[in-house]
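Novice: Using the numbering used here, you'd call the opening residue of the sequence shown number 12 and step up by one each time.
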Amino acid sequence: MRGKHSKVLRCAALWLLGAGLGLAQAQTTTVAGITPGQFSVNESGAATYRIPIQVPPGVAGMEPKLELSYNSQGGNGLLGMGWSLSGLSAIGRCPRTMAVDGVRGGVNLDMNDRYCLDGQRLILVSGTYGVAGSEYRTELDGFSKIVASGTAGNGVASFTVQTKAGLTMEYGNTADSRIEAQGKATVRVWAVNKISDVKTNYMTFSYTEDDVNGEYYPARIDYAGNASSGTNPAAQIRFNYEARPDILVRYRNGSKSRNALRLASVQTYAGLPLLKSYALSYDTLLAGGSTRVTGIRECDGSGACLPSTTFSWLGGINGMDAAVVATDVNGSGWTSSAYPRRFADVNGDGMPDIVLIDKDEAVAHVFLAKGDGSFLVQPVSTDVNGNGWTESAYPRYLLDVNGDGRADLVMVAESEALVYVFPGQANGSFSQQAISTDVNGSGWISSAYPRRFADVNGDGLLDFVLIDKDEAVPYVFLGKSDGAFATQAVSTDINGSGWTESAYARYLIDVNGDGRADLVMAANSDAQVYVFLGQADGSFSQQAISTDVDGSGWTSSAYVRRFADVNGDGLPDFILIDKDETVPHVFLGKGDGSFVPQAVSTDINGSGWTELAYSRDLVDINGDGRVDLVMTLASEAQTFVFLGQADGTFAQQPIATDISGNGWTLSAYPREFVDVNGDGKMDLILVTQSEAIMHVSLSTFPAALLQSVSKGAEITATFAYKSLTDNTVYTKDVSPNAAVYPKLDLQYAQ
């Protein structure tokens, strides 16, 4: 039965594409009028635009309420960037949260997953969560009764919803509306398949499911039928698709989802005649980039069409700003050898500040970011209490330990595991008095136990982690909201032997997307990756999830290893970059702790891209949620950006910028990539080694945001955007009104 669906999809896809082409080629005329649409700003600050789809009337109001909807905070989906087809209800899996469950989780296709109805969390009323017969309400109670039925893998097979208005809604009660994870019996989405009222008037919803690629697409809606009288549905809505250039590849708990189609048109029927159609036109943001809607044209069945509603998107220069924004801070003697340069958001305004800390005294000087690429020239300085705070004795970290959204100054003794935390303050200073933790045990010298900080138990707070260099036994001291750490370690003696740091590089990253850091070890002699999943108690799984990637010769001396999200699915991918040729090989993260063993490789244009000649960075330069490969010439500040693609590759052709000025050698001006102005795009900072002059080249890549809506020749709506980091549009609460952990006042690039 399951194999049948993929065949149906192939035939249906051909038919749908043919239908779309036939519509485009039909003889049309333009008539006077406009397609109705409404713009607004929602409660989260998103720009929205909605075009209702006019459908033939149903019986007693039983007809679909569909819209083509834009939301500036939306991602790339069935209609490209920001756009979606609204009005099709579904129940999906969602993660556990601290607020409701007291623990953070991911979507793991297991019995720990929770369910959401159209984004609303389902709260258990009776029975066992995820088991047949269990009953739910939505978190914001809409007075609907939701009952689960049957079993399918790790969870239920279907749901029935009884609404306050007397409607009965079925979800996943047909094979095509029960969307299983690729290669599994477990359902990931229960799409609505039927809605009935008390008079037995009904609508049915059909889908085409692509088992091979783990995707599904709405196919048609039939309505104006009545079960009691035996009347068949008299009205219909059809959805037509076309191939998209930006194929979206995502993984969840080992299952792949590959979206290769985008909505081409929506057609409405009353019986056989075509009544109305809405045809969409698209372009892409840069070559191979994200799909964008550029127009929607409404026509009737005879080919009479209203003028297209057209959409323009924000423009800009693709690349880095050739002119730098320079800040020459007050004072002298700011050499890098005496004052290492660090960047962190100390005052919690969503923008990183420059922090210079005296190597010999631990006096911290913070130059606050202004939001335009420059910094205040006068520092906020803190002389912390105590003596002997040399960097050689107490290495420094800038981390948000207490979960208040501000970076804290953390110092850890080299000779033992004494941790001192000086919390960051709203004015950019640090508290002078340390919060100290002397962990239990002895022999915790840094040469034997390198220090790391990561959220292992998923409570939103950083934990202090020591990992034995010779045995890879991790010791986790759980973080507390007051800035201290537990003195007793949670330790894990992982299975296997020979896990020395010289043989296996260690990383603490969230591989499976459950909000907890995992212990990752990658063999230096080849590219074998071993993942020990972080647990809610602060331990790690003893048994590794291993991936032996295809190919040979993947030594760490020949290939630089990185973990970053290239395809934008929220999961880190394993990346190997040839030191001599800069061919990036991406092994996509699958969300279950493993990686796809076959690499997605890009042979970029040009030659001479050696690591010695070009520094390499994996950062999101254009703010699309995917890391880009950025190479900067070591002999000058010429940057080359290879944009990350949705399939895990990089663009072969770079976007180059020759930054103005001379003498920008790597040795004199080390490169840092930081989002200086808080717009969600990484900027290039060149910091003079001999003094503290900051030279910032801002990213000028345009955001994928709608700028204006035109109906015919008339512009009817325009949108202007500012980030949450801009205090003219948003002010974050501060003490005494500031949120207290686990709640957090947010201010970040959005």
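C-beta atoms are modelled at their ideal positions from N, C-alpha and C, and glycine is treated no differently.
1. How many whole angstroms separate the CB atoms of residue 472 and residue 464, which I take to be in contact at a CB cut-off of 8 Å?
2. Compare the Cα-Cα distances from residue 530 to each of 545, 524, 538 and report the closest residue.
3. How long is the line joining the alpha carbons of residue 612 and residue 192, rounded to whole angstroms?
4. For residue 122, which of helix, strand or coil comes out of DSSP?
5. Would residue 399 pass as a contact of residue 446 if the rule is Cβ separation under 7 Å?
6. When the Cα of residue 360 is compared with those of 84, 477, 165, 417, which residue comes out closest?
7. Helix or strand or just coil, what does DSSP make of residue 246?
8. Can you give the Cα-Cα distance for residue 585 and residue 566, rounded to whole angstroms?
9. Could you spell out the range, first to last residue, of the beta strand (DSSP E) harbouring residue 198?
10. Using DSSP bridges, identify the partner residues of residue 229.
11. Shortest alpha-carbon distance to residue 725 belongs to which of 44, 40, 38?
12. Would you give the residue range spanned by the alpha helix (DSSP H) that residue 110 belongs to?
13. Taking the alpha carbon of residue 551 as the reference point, which residue from 504, 588, 581, 515 has its own alpha carbon closest?
14. If residue 279 sits next to residue 294, beta carbons under 8 Å apart, how far is it from one beta carbon to the other, in whole angstroms?
15. Check whether the stretch 243-260 and the stretch 178-192 touch, using three or more Cβ-Cβ pairs below 8 Å as the test.
16. Using only the alpha-carbon positions, how far apart do residue 476 and residue 641 sit?
17. Roughly how many angstroms lie between the CA atoms of residue 302 and residue 87, to the nearest whole one?
18. Where does residue 585 sit, in a helix, a strand or coil, going by DSSP?
19. Would you tell me roughly how many angstroms separate the C-alpha atoms of residue 735 and residue 758, rounded to the nearest one?
20. Which residues mark the beginning and the end of the beta strand (DSSP E) in which residue 306 is found?
21. Comparing alpha-carbon positions, which option in 705, 575, 608, 227 lies nearest residue 656?
22. With the cut-off set at 7 Å, would you say residue 653 and residue 645 are in Cβ contact?
23. Taking the continuous beta strand (DSSP E) assigned at residue 324, which residues delimit it?
24. Kindly indicate which three-state DSSP category residue 85 falls into: helix, strand or coil?
25. When the Cα atoms are used, what is the spatial distance from residue 376 to residue 492?
26. Going by DSSP, what residue range makes up the beta strand (DSSP E) through residue 665?
27. As a quick exercise: from 434, 128, 343, pick the residue whose alpha carbon is nearest that of residue 358.
28. For residue 267, which residues does DSSP report across the bridge?
29. Exposed or buried, what is residue 31 when buried is set at 16 or more other beta-carbons lying within 10 Å of its beta-carbon?
30. Distance, Cα to Cα, residue 387 vs residue 482?
31. Under the assumption that residue 682 contacts residue 643 (Cβ atoms under 8 Å), give the Cβ distance between them as a whole number of angstroms.
32. Could you check where the beta strand (DSSP E) with residue 474 kicks off and where it finishes?
33. Determine the direct distance from the alpha carbon of residue 618 to that of residue 188, and round the result to whole angstroms.
34. From which residue to which residue does the beta strand (DSSP E) around residue 140 run?
35. Can you give me the C-alpha to C-alpha distance between residue 784 and residue 345, rounded to a whole angstrom?
36. Taking the straight line between their C-alpha atoms, what separation do you get for residue 588 and residue 283?
Specialist: Judging by the given coordinates:
1. In the sequence shown, the residue the question calls residue 472 occupies position 461. In the sequence shown, the residue the question calls residue 464 occupies position 453. Between residue 464 and residue 472 the Cβ distance is about 10 Å, and since that is not below 8 Å, they are no contact.
2. Position 519 of the sequence shown, counted from the first residue, corresponds to residue 530. Comparing Cα positions, the closest option is 545.
3. Mapped onto the sequence shown, residue 612 falls at position 601. Mapped onto the sequence shown, residue 192 falls at position 181. Looking at the backbone, the Cα of residue 612 and that of residue 192 are separated by about 26 Å.
4. The sequence position of residue 122 within the sequence shown is 111, counting from 1. Coil.
5. Taking the first residue of the sequence shown as position 1, residue 399 is located at position 388. Taking the first residue of the sequence shown as position 1, residue 446 is located at position 435. Not a contact, by the Cβ cut-off of 7 Å.
6. Against the sequence shown, residue 360 aligns to sequence position 349. Ranking 84, 477, 165, 417 by Cα distance to residue 360 puts 417 first.
7. Looking up residue 246 in the sequence shown gives position 235. It is a strand residue.
8. On the sequence shown, position 574 is the one that residue 585 refers to. On the sequence shown, position 555 is the one that residue 566 refers to. Whole-angstrom Cα-Cα distance: 14 Å.
9. Residue mapping note: residue 198 aligns to position 187 of the sequence shown, counting from 1. Where residue 198 is concerned, the enclosing beta strand (DSSP E) stretches over 198-207.
10. The residue given as residue 229 occupies position 218 in the sequence shown. Answer is 218, bridged to residue 229.
11. Counted from its first residue, the sequence shown places residue 725 at position 714. Selected option, being the one with the closest Cα: 44.
12. As a working note, residue 110 is residue 99 in the sequence shown. Under the DSSP assignment, residue 110 falls in the alpha helix (DSSP H) whose first and last residues are 109-112.
13. Position 540 of the sequence shown, counting from 1, holds the residue named residue 551. Among 504, 588, 581, 515, the Cα nearest to that of residue 551 is on 504.
14. Locating residue 279 in the sequence shown gives position 268, counting from the first residue. Locating residue 294 in the sequence shown gives position 283, counting from the first residue. About 26 Å; that fails the 8 Å criterion.
15. no
16. The sequence position of residue 476 within the sequence shown is 465, counting from 1. The sequence position of residue 641 within the sequence shown is 630, counting from 1. Going by the C-alpha atoms only, they are around 31 Å apart.
17. Residue mapping note: residue 302 aligns to position 291 of the sequence shown, counting from 1. Residue mapping note: residue 87 aligns to position 76 of the sequence shown, counting from 1. Each residue's alpha carbon lies about 8 Å from the other.
18. Stepping through the sequence shown from its first residue, residue 585 is reached at position 574. Residue 585: strand per DSSP, three-state reduction.
19. Against the sequence shown, residue 735 aligns to sequence position 724. Against the sequence shown, residue 758 aligns to sequence position 747. Taking the straight line from one Cα to the other gives about 6 Å.
20. Against the sequence shown, residue 306 aligns to sequence position 295. Residue 306 -> beta strand (DSSP E) spans 302-311.
21. Here residue 656 is taken as the residue at index 645 of the sequence shown, counted from 1. The option with the nearest alpha carbon to residue 656 is 575.
22. Position 642 of the sequence shown, counted from the start, is the residue given in the question as residue 653. Position 634 of the sequence shown, counted from the start, is the residue given in the question as residue 645. For residue 653 and residue 645, no; Cβs fall outside 7 Å.
23. Residue mapping note: residue 324 aligns to position 313 of the sequence shown, counting from 1. Run containing residue 324: 320-324, per the beta strand (DSSP E) assignment.
24. Counting from 1 along the sequence shown, the entry for residue 85 is found at position 74. Residue 85 falls in the coil class under three-state DSSP.
25. To locate residue 376, count along the sequence shown from 1; it is residue 365. To locate residue 492, count along the sequence shown from 1; it is residue 481. Their backbone Cα atoms lie some 25 Å apart in a straight line.
26. In the sequence shown, the residue the question calls residue 665 occupies position 654. Looking at the DSSP string, residue 665 is not in any beta strand (DSSP E), and its letter there is neither H nor E.
27. Within the sequence shown, residue 358 is the residue found at index 347, counting from 1. It is 434 whose Cα lies nearest to the Cα of residue 358.
28. In the sequence shown, residue 267 corresponds to position 256, counting from 1. Bridge partners of residue 267: 262.
29. Residue numbering aside, residue 31 sits at position 20 when the sequence shown is read from its first letter. Its pLDDT being 39, under 50, residue 31 is placed unreliably in this model, and the coordinates cannot settle the point.
30. By 1-based counting over the sequence shown, the position of residue 387 is 376. By 1-based counting over the sequence shown, the position of residue 482 is 471. About 47 Å.
31. Numbered from 1 along the sequence shown, position 671 holds the residue referred to as residue 682. Numbered from 1 along the sequence shown, position 632 holds the residue referred to as residue 643. A Cβ-Cβ distance of about 5 Å is found for the pair residue 682 and residue 643, placing them in contact under the 8 Å criterion.
32. Walking along the sequence shown from the start, residue 474 turns up at place 463. Note, residue 474: beta strand (DSSP E), 474-478.
33. Mapped onto the sequence shown, residue 188 falls at position 177. Mapped onto the sequence shown, residue 618 falls at position 607. So the alpha carbons of these two residues sit roughly 50 Å apart.
34. Mapped onto the sequence shown, residue 140 falls at position 129. Element bounds for residue 140: n/a, residue is neither H nor E.
35. There is simply no residue 784 to check, as the chain begins at 12 and stops at 761 in what is shown.
36. Against the sequence shown, residue 588 aligns to sequence position 577. Against the sequence shown, residue 283 aligns to sequence position 272. So the two alpha carbons sit approximately 57 Å from each other.
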